[in-house]
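Visitor:
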Amino acid sequence: MSLSVDLGLARGAFRLDVTFTAPPGLTALFGRSGSGKSTVIACMAGLARPDRGRLTLGDETLLDTGRGLHVPAHRRRIGTVFQEARLMPHLSVRQNLRYGRWFSRARRDADGLEPEAVIALLGIGHLLDRRPTGLSGGEGQRVAIGRALLSRPRLLLMDEPLAALDAERKAEILPLIERLRDAAGIPIVYVSHAVTEVARLANTIVVLEGGRVAAAGPAEGILRRGELGDFHAAEAGALLDMVVEGQCSASNLTRLSGRAGRLLVPHLTLAAGTGVRVHVPARDVLLSLADPVGLSARNRLRGQVLALHALAEGTMLVEVDCYGAVLSARLTRTSVAELGLAAGTPVFAIVKSVAFDPAGMGRAAHAVEI
Amino acid sequence: MDRLGLTPDEWTAIALSLRVAAVATLASLGPGLAVAWILARRRFPGRALLDGLVHLPLILPPVVTGYLLLLAFGRRGTFGALLADVGIVLSFRWTGAALACAVMGFPLMVRAMRLSLEAVDARVEQAAATLGAPPFAVFLTVTLPLAMPGVLAGAVLAFAKAMGEFGATITFVSNIPGETQTLPSAIYTLTQVPGGEAGALRLTLISVALSMGALLVSELLARRLGRRLGAG
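Chains as they are written, first to last, in the working numbering: chain Y, 1 to 370; chain H, 1001 to 1232.
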């Protein structure tokens, strides 16, 4: 089911003019605060009215200001997970989970997820008889995700669902969202301003800046070229699809392999053979013309320069093709000139193992080829 | 007659007061909730006017409110004549006393309900809407349960006010024993006749006990609900 969004709105000095389409899978709406992400989500959910706009999901139009069509929130079948859990405080967890199901019971035909499956997926079976006030932030957010899923939605909106949680809770919920993305078969629009989350989850990225779409496309390309808006350009980095090959128990590292070669990364608790998506930040990649010796860095990948892009502050982004997997490295203009880098130059890309952020490494979004 | 030493007339006044207050409270619950919700959640031209109108009985001399009711709902009043055609007579009847009490208690009821409705987190209501709940279902399943302590407090306040209402009642429906002589009217009558002091004191004590009882019950209910909502 494809989603097409076209929204325009003016509130005081703020102007929103956003158009994008989201293919199946997880689409990240990325941008710093104030870029209009949450406004887009509110308009999509039907909680705010844009001045102008069209919203279609599959073959159904949910909003068309030209025709005066505005389907109210409760008839859109768009599940929404907010930054705060927003559970009904007077209902138990079980009743919260059932709430949406009760209103969608007329649509038995619609194939929805079964409560048992959702409860198991989110690991909330032991919370069913509790009251929301007694739940921790992470537990509450898991119940909120379950509640949205059980309302038989055709689209799931997640508005910075992890922003209010600490790192530990984030690490607990990120894998659940990965599983949802791959197993639930519901398209997800995920709002975030955290590059690690987006790098880990997104199939598609829509970058918002000042109420406009600054870039949009497959996650891999957007991240590699650092098209994340001026504020986040420094966080460019390649996404590599790899497979867990084994663990090096002595050094507490995990060995991955993929098209580009082998990588040693901080320990991942994943079984051998599991597909992993690795975010390689461009600022942590060194380039060398010769195979370096006597170097502490553990990861050396052979490739050739694919393209060079000028960035702000006298730096350049160099894309390196390593047997079909493309890495990016952020270098100073001086270094690029001294090494004489140009398209086609054979190089070695070097990455320290400790440069990989375990929070940015998750299950691959799809089956990977080696 | 019994250990309290109340005369049959005094018992009648007490029973009538309870009936008048109960009917006045129950009948104003619906309109009170509707007006409280409109004032809490809607922004429209004329909102200040509605707010003022609701609060008017609180600041007008009760005798003025009673007289206005007499003008509107008396036998020759605009609404009174209309109602008389369908067989409803309010003036000089206990039902008129209930109307006077309802009008006088309305501002107190609306105020308590409105405050508690305003305190309900609109973000939770939005979440309910995204889960497929139509607006009225959101009101019944989210807004009302969360505002319940205030709704009950408003009802108890209105009941207590109705038990004590005097000025508007006596102006609108007079002071007829067995028909419109409520507890305050009975006390007033007893203070006007020689030898009535003992009866007035008895009824005064009962009046105090009933009012205290109502306040205690409302406090208890609010606390129990608050605990259920996790606030207590």
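Backbone N, C-alpha and C fix where the C-beta goes; we use that ideal spot for every residue, glycine too.
Keep in mind the model is a prediction, meaning the values are calculated, not measured.
#1: Within its chain, find whatever has a CB closer than 7 Å to the CB of residue 1218 (chain H); leave out the 5 residues flanking it on each side and keep chain order.
#2: If you drop the 5 nearest sequence neighbours on each side, which residues of the same chain put their C-beta closer than 7 Å to that of residue 17 (chain Y)?
#3: So, do the region 1189 to 1205 of chain H and the region 1027 to 1034 of chain H have three or more beta carbon pairs nearer to each other than 8 Å?
#4: Have a look at residue 55 (chain Y) and residue 19 (chain Y) and give me their C-alpha separation to the nearest angstrom.
#5: Could you check the C-alpha separation between residue 1019 (chain H) and residue 1184 (chain H) for me, to the nearest Å?
#6: Run through chain Y and tell me which residues come within less than 7 Å of residue 1142 (chain H), C-beta to C-beta.
#7: For residue 1069 (chain H), count neighbouring C-beta atoms within 10 Å of its own C-beta (all shown protein chains included) and say buried if the count is 16 or more, exposed if not.
#8: Is residue 283 (chain Y) helix, strand or coil by DSSP?
#9: How far does the beta strand (DSSP E) with residue 17 (chain Y) in it extend, from its first residue to its last?
#10: What are the boundary residues of the beta strand (DSSP E) that residue 328 (chain Y) is part of?
#11: Go to residue 349 (chain Y), then tell me how far its beta strand (DSSP E) extends in each direction, as first and last residue.
#12: Check each residue of the region 1143 to 1169 of chain H: if its Cβ is closer than 7 Å to any Cβ of chain Y, include it; give the result in chain order.
#13: Could you compute how far the alpha carbon of residue 347 (chain Y) sits from the alpha carbon of residue 324 (chain Y)?
#14: Specify, as a first and last residue, the run of the beta strand (DSSP E) that residue 247 (chain Y) falls within.
#15: Enumerate, from N- to C-terminal direction, the unbroken beta strand (DSSP E) stretches of 3 or more residues contained entirely within the region 1044 to 1129 of chain H.
#16: Could you check the C-alpha separation between residue 308 (chain Y) and residue 219 (chain Y) for me, to the nearest Å?
#17: Report the start-end ranges of each alpha helix (DSSP H) in the region 1126 to 1178 of chain H that is 4 residues or longer and not cut off at the edges.
#18: Between the region 73 to 85 of chain Y and the region 158 to 166 of chain Y, do three or more beta carbon pairs fall short of 8 Å?
#19: Taking 8 Å as the cut-off, decide whether the C-beta atoms of residue 260 (chain Y) and residue 317 (chain Y) are in contact.
#20: Hey, quick one: how far does the alpha helix (DSSP H) through residue 197 (chain Y) stretch, first residue to last?
#21: Find the nearest neighbour of residue 129 (chain Y) within the set Y:163, Y:91, Y:153, Y:147, judged by alpha-carbon distance.
#22: Using alpha carbons as the reference points, say which of Y:256, Y:271, Y:194 lies closest to residue 233 (chain Y).
#23: Just to confirm my understanding: we take residue 1099 (chain H), look at its own chain, exclude 5 residues before and 5 after, and list those with CB closer than 8 Å. What are they?
#24: Excluding sequence positions up to five away, which residues of its chain have a Cβ less than 6 Å from the Cβ of residue 1114 (chain H)?
#25: Would you mind stating whether residue 1147 (chain H) and residue 1124 (chain H) have Cβ atoms separated by less than 8 Å?
#26: Closer than 8 Å, CB to CB, is residue 370 (chain Y) near chain H or not?
#27: Is the CB of residue 1127 (chain H) under 8 Å away from at least one CB in chain Y?
#28: Would you say residue 1124 (chain H) reaches chain Y, if we count a Cβ-Cβ gap shorter than 8 Å as a contact?
#29: First and last residue of the alpha helix (DSSP H) that includes residue 63 (chain Y)?
#30: Could you name each continuous beta strand (DSSP E) segment of 3 residues or more that falls completely within the region 262 to 309 of chain Y, going from the start of the chain to the end?
#31: Taking three-plus beta-carbon pairs below 8 Å as touching, is the region 1045 to 1065 of chain H in contact with the region 1191 to 1211 of chain H?
#32: Determine the DSSP secondary structure at residue 319 (chain Y), reduced to helix, strand or coil.
#33: So the candidates are Y:94, Y:252, Y:207; which of them puts its Cα closest to the Cα of residue 230 (chain Y)?
#34: What three-state label does DSSP hand residue 71 (chain Y) in the structure shown?
#35: Of all the CB atoms in chain Y, is at least one closer than 8 Å to the CB of residue 1226 (chain H)?
Guide: Let me lay it out:
#1: Hits under 7 Å: 1152, 1153, 1156.
#2: Same-chain partners within the cutoff: 8, 211, 212.
#3: Result no; under three Cβ-Cβ pairs closer than 8 Å.
#4: In a straight line, the C-alpha of residue 55 (chain Y) is about 10 Å away from that of residue 19 (chain Y).
#5: Rounded to whole angstroms, the separation of the alpha carbons of residue 1184 (chain H) and residue 1019 (chain H) is 14 Å.
#6: One finds 88 in chain Y with Cβ atoms closer than 7 Å to the Cβ of residue 1142 (chain H), taken in chain order.
#7: Buried: at least 16 other Cβ atoms inside 10 Å.
#8: Three-state DSSP puts residue 283 (chain Y) in a helix.
#9: 14 to 22 is the extent of the beta strand (DSSP E) around residue 17 (chain Y).
#10: Under the DSSP assignment, residue 328 (chain Y) falls in the beta strand (DSSP E) whose first and last residues are 325 to 332.
#11: Segment 346 to 351, the beta strand (DSSP E) holding residue 349 (chain Y).
#12: Correct list: 1145, 1146.
#13: Between the C-alpha atoms of residue 347 (chain Y) and residue 324 (chain Y) there is a straight-line separation of about 14 Å.
#14: Taken as a continuous stretch (DSSP letters only), the beta strand (DSSP E) holding residue 247 (chain Y) covers 237 to 248.
#15: Annotation: the region 1044 to 1129 of chain H contains no complete segment of the beta strand (DSSP E) (minimum length 3 residues).
#16: Using only the alpha carbons, I get a separation of about 19 Å.
#17: For the region 1126 to 1178 of chain H, the full-length alpha helix (DSSP H) segments reaching 4 residues or more read 1135 to 1138, 1144 to 1164, 1167 to 1173 along the chain.
#18: Result yes; three or more Cβ-Cβ pairs closer than 8 Å.
#19: No, they are not a contact pair.
#20: Residue 197 (chain Y) -> alpha helix (DSSP H) spans 195 to 201.
#21: Checking every option, the nearest Cα to that of residue 129 (chain Y) belongs to Y:91.
#22: Nearest neighbour of residue 233 (chain Y) by Cα position, chosen from Y:256, Y:271, Y:194, turns out to be Y:194.
#23: Same-chain partners within the cutoff: 1024, 1069, 1073, 1090, 1172.
#24: Within the same chain, residue 1114 (chain H) has close Cβ partners 1036, 1039, 1040.
#25: When the beta-carbon positions are compared, residue 1147 (chain H) and residue 1124 (chain H) stay at least 8 Å from each other.
#26: Model confidence at residue 370 (chain Y) stands at a pLDDT of 30, short of 50, so the residue's coordinates are unreliable and nothing is read from them.
#27: Taking 8 Å as the threshold, the shortest C-beta distance from residue 1127 (chain H) to chain Y falls below it.
#28: Chain Y, which has a Cβ nearer than 8 Å to the Cβ of residue 1124 (chain H), makes this yes.
#29: Taken as a continuous stretch (DSSP letters only), residue 63 (chain Y) belongs to no alpha helix (DSSP H), being part of the beta strand (DSSP E) at 60 to 64.
#30: DSSP runs (the beta strand (DSSP E)) wholly in the region 262 to 309 of chain Y: 275 to 281, 285 to 288.
#31: Cβ pair count under 8 Å is below three, so no.
#32: In the structure shown, residue 319 (chain Y) adopts extended strand secondary structure according to DSSP, grouped into three states.
#33: Selected option, being the one with the closest Cα: Y:207.
#34: Of the three classes helix, strand and coil, the one that applies to residue 71 (chain Y) here is coil, per DSSP.
#35: Residue 1226 (chain H) does not count as touching chain Y.
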